Each structure stands twice: as C-alpha cells, then as structure tokens.
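Trainee:
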Amino acid sequence: MVSDAVGAGEGAALRARAVGKTFAATEGARVVALDRVALDVGAGELVSLVGPSGCGKSTLLRLVAGLDLPTEGELWVGSELITGPSAERGVVFQDPSLFPWLTIRRNIESGLVARGVLRSQRHEVDEYLRLVGLEGFANSYPHQLSGGMAQRAALARALINHPRVLLLDEPLGALDQFTRMRMQDEILRMWQARGTTMLLVTHDIDEALYLSDRIAVMTPRPGRIDRILDVDLPRPRQRNDRRFLEHRARLLELLHLTGGIEEPLAPGV
Ligand SMILES: Nc1ncnc2c1ncn2[C@@H]1O[C@H](COP(=O)(O)OP(=O)(O)OP(=O)(O)O)[C@@H](O)[C@H]1O
Ligand SMILES: [Mg+2]
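Residue numbers (the numbering used here): 33 to 301.
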C-alpha cells in the first residue's frame, strides 16, 4: 500500500535539554508537568513515550510540536531551536480532527493549503490517498469513514507535508484491537518507506514494543524520562515470540519501578 517513491531518509534528530513546563492552575496554584526532561531521538528513529496518566506525555509532545513553549530548557530539531509550530513537525492526535465539511481529498489537501503549495503539489494528493489505502474514498466526507479510515486520512494529511518529525499522541487509542494492529503495520510501513523520525505516545505497552526502536519510560508527574528500554528485536516482530515477551516483562518492571501505569491518579491530574 505504501509507495517507496516518496523518498526515504527525511527524518531529523530531536533533542530536549533540561525541559521544564509549569502550568498555572486554579487559585494561584501551579502544576509542574515536566521537570528537567532530557531526550534524544536520532534521525529516522521511532521512539515511544510511556508513563502514568498525567505524567506530561502530551505536554512534551506539544512542546516538540511548538504548540506550547517550555518554562525551562530548550528543544531542538536538527540544529534548529523549536520556537513555534512548523509543517516540518506533523502531529496526529487520538481524535483524527478532520474538517467535517471537507471531503477526504480536501482534508488531505488542507496540509498543502496551509503551506501555500497546493497549486504546485496538488498532484501528490492521489499518491497519499493510495499510501493510506483511501483512493476509493477521495470524495467521501469524514462521517462516511470508519475510525481507522479517518485516522489514516489524518496520517496522510500530516505526511503530505513531508514532516521531518511525526508526533503521534495515542493516534490509535480510539480504535478496536483488530484495526489497531493493522494500523500499527501501516505506521511501520510508512516509517520504513519515509525514514521519518517518529515520537509516539501510547498507553499500550505491546504497541510500544511492536513499533519502537526505544521506549522512554516517564515518571509520574512531574514527568521526567526515567529509563530507556532498547527494543533490539528484528522486524517484523512477533508479539508472542520469547524475546518479545522478555522485553515486555522488562518494560512492565520499569513501569512499576517508576510508579506504574496502573497507579491511582495523583490529585489534580
Ligand atoms: N493547559 C494546561 N493547563 C494547566 N494544566 C495542564 C495543561 N495541560 C496539561 N496540564 C497538566 O499537566 C499535567 C500533564 O498533563 P498531560 O496531558 O501532558 O499528561 P499525559 O501524560 O498526556 O496524560 P494522559 O496519559 O492521561 O494523556 C497534568 O497534571 C495536567 O493536568
Ligand atoms: Mg496525553
């Protein structure tokens, strides 16, 4: 489904240095969401962020996206300091957030419109419709698509900008297990064909193990990167393979060491 013609090796390295983020909460209280976060993601690497609910995963992703600014520290893409959003950093959230009044073709084109390159690159839209297997749905509206199809359209809308970094915040969280596993293979195929650097937030440890080169485990709030698990397993990975299960046990152990994903929520989360 993925064409190899879209070019490989587009990814850029990501760097977070001593990143802190404090939010103003109610009645003058402050919430320290992130504390001295350090993270390096190599060009073309696929890294997952896992950790307890409220530990700052989405906050970190939004800082990398440039949708918000850190209170302390710096974030870099390649040699560029992140100071705001850029088409070079695509984001896909759990909710595909397509424009309901636009067809799937127009939704995917909207990435090009935002960059002012629609006229010169409109011909690429068909390529991206094929890339995500939606060529038969170009003229459909989002409400006519299943959740998995809508999420693929959202991926195409992000990918058409040739982002050097793709930020995924639980992009498959709303999907049933069957669709989710197929979409994981789609994401892997796109990643392998494009060489895009990917940072994925997920609650699903099997998803993290199936997809990632490395998994960054965060502490409960205030979030820090506590441990990094290297997933040195060849692809395609077998979810019930002995070494996969060994990595799974190790990841569970790391999560429990840092407070665990099943911990009760801290007040204010
Ligand atoms: N805009 C905001 N204003 C105030 N507090 C915020 C804001 N965004 C996030 N927070 C707080 O920062 C902390 C981290 O939130 P964040 O959404 O990053 O967590 P998360 O790890 O993505 O959680 P989940 O796994 O539930 O999605 C939480 O305590 C949250 O209440
Ligand atoms: Mg989140």
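No residue lacks a Cβ here, since even glycine has one placed at the ideal position from N, Cα and C. Given the structure is predicted, the values throughout are model-derived calculations rather than measurements.
Is the beta carbon of Leu283 closer than 9 Å to that of Arg226?
Mentor: No; because the gap between Cβ atoms is not below 9 Å, this pair is not in contact.
Trainee: Can you list, in chain order, the residues of its chain with a C-beta nearer than 6 Å to that of Leu207? Leave out the 5 residues immediately preceding and following it.
Mentor: Answer for Leu207: Gly179 and Gly180, listed in chain order.
Trainee: Could you spell out where the alpha helix (DSSP H) holding Trp223 opens and where it closes?
Mentor: Looking at the DSSP string, the run of the alpha helix (DSSP H) that includes Trp223 is Gln209 to Arg226.
Trainee: My output table needs one value for Val51: the three-state DSSP class, helix, strand or coil.
Mentor: Three-state DSSP puts Val51 in a strand.
Trainee: Exposed or buried, which one is Phe210 when buried takes at least 16 other CB atoms within 10 Å?
Mentor: It counts as exposed.
Trainee: Quick one: which unbroken beta strand (DSSP E) runs of 3-plus residues sit fully inside the segment 77-128? Chain order, please.
Mentor: Runs of the beta strand (DSSP E) inside the segment 77-128: 78-82, 104-109 and 121-124.
Trainee: Three-state secondary structure (DSSP) at Arg275?
Mentor: Here Arg275 sits in helix by DSSP.
Trainee: With H, G and I counted as helix, E and B as strand and the rest as coil, what does DSSP make of Arg68?
Mentor: The answer is strand: DSSP assigns Arg68 an E or B state.
Trainee: Quick check on the burial criterion: 16 or more other C-beta atoms within 10 angstroms. Buried or exposed for Trp366?
Mentor: A question about residue 366 goes unanswered here, because the residues of the chain that appear run from 33 up to 301.
Trainee: Closer than 7 Å between the C-beta and any heavy atom of ligand 2: which residues qualify, listed along the chain?
Mentor: That query returns the following residues: Lys89, Ser90, Asp201, Glu202 and Val233.
Trainee: Please classify Asp201: is it buried, with 16 or more other beta-carbons within 10 angstroms of its beta-carbon, or exposed?
Mentor: Buried.
Trainee: I'd like the list of long-range same chain contacts for Arg189, defined as Cβ closer than 7 Å, with 5 residues on each side in sequence excluded.
Mentor: Answer for Arg189: Asn139, Ile140, Ser142 and Gly143, listed in chain order.
Trainee: Got a sec? Which residues, its chain only, sit under 8 Å from Leu150 by beta carbon, not counting five neighbours each side?
Mentor: For Leu150, where only same-chain residues beyond five positions count, the Cβ hits under 8 Å are Glu141 and Leu144.
Trainee: Put Ala57 into one of helix, strand or coil per three-state DSSP.
Mentor: Reduced to three states, the DSSP call for Ala57 is coil.
Trainee: What is the residue span of the alpha helix (DSSP H) that Ile237 lies within?
Mentor: Per DSSP, Ile237 belongs to the alpha helix (DSSP H) from Ile237 to Leu243.
Trainee: Tell me the rounded alpha-carbon separation between Phe55 and Leu81.
Mentor: Roughly 21 Å between the two C-alpha positions.
Trainee: How long is the line joining the alpha carbons of Leu166 and His279, rounded to whole angstroms?
Mentor: Each residue's Cα considered, the two are about 35 Å apart.
Trainee: Given a cut-off of 9 Å on the beta-carbon distance, is the pair Leu161 and Arg196 in contact?
Mentor: Taking 9 Å as the Cβ cut-off, Leu161 and Arg196 do not qualify as a contacting pair.
Trainee: So Val123 and Ala146 are supposed to be a Cβ contact under 8 Å. How far apart are they, rounded?
Mentor: Actually they are not in contact, since the Cβ atoms of Val123 and Ala146 sit about 13 Å apart, beyond 8 Å.
Trainee: Which class does Leu200 belong to by DSSP, given the choice of helix, strand or coil?
Mentor: Note: Leu200 maps to strand in three-state DSSP.
Trainee: Hey, would you say the C-beta of Gly52 is under 8 Å away from at least one heavy atom of ligand 1?
Mentor: Gly52 Cβ: outside cutoff for every heavy atom of ligand 1.
Trainee: Name, in chain order, the residues that DSSP records as bridge partners for Leu4.
Mentor: Residue 4 is absent from the structure shown; the chain starts at 33 and stops at 301.
Trainee: May I ask which residues mark the beginning and end of the beta strand (DSSP E) holding Val233?
Mentor: Where Val233 is concerned, the enclosing beta strand (DSSP E) stretches over Thr229 to Val233.
Trainee: Is it right to say Pro102 is buried, meaning 16 or more other beta carbons lie within 10 angstroms of its own, or is it exposed?
Mentor: That one is buried.
Trainee: Can you name the start and end residues of the alpha helix (DSSP H) that Ile140 belongs to?
Mentor: Start and end: Ile136 to Arg147.
Trainee: Ligand 1 and Leu92: does any heavy atom of the ligand fall closer than 8 Å to the residue's C-beta?
Mentor: Correct: Leu92 has its Cβ closer than 8 Å to ligand 1.
Trainee: Please check the pair Pro268 and Cys87, which I expect to be a contact at CB under 8 Å, by giving their CB distance rounded to whole angstroms.
Mentor: Wrong, their Cβ atoms sit about 30 Å apart, outside the cutoff.
Trainee: Hey, could you find the ends of the alpha helix (DSSP H) Val157 is sitting in?
Mentor: Counting along the chain, the alpha helix (DSSP H) containing Val157 begins and ends at Glu156 to Leu163.
Trainee: Please confirm whether any heavy atom of ligand 3 lies closer than 8 Å to the CB of Pro102.
Mentor: With respect to small molecules bound, the structure shown includes ligand 1 and ligand 2 and not ligand 3.
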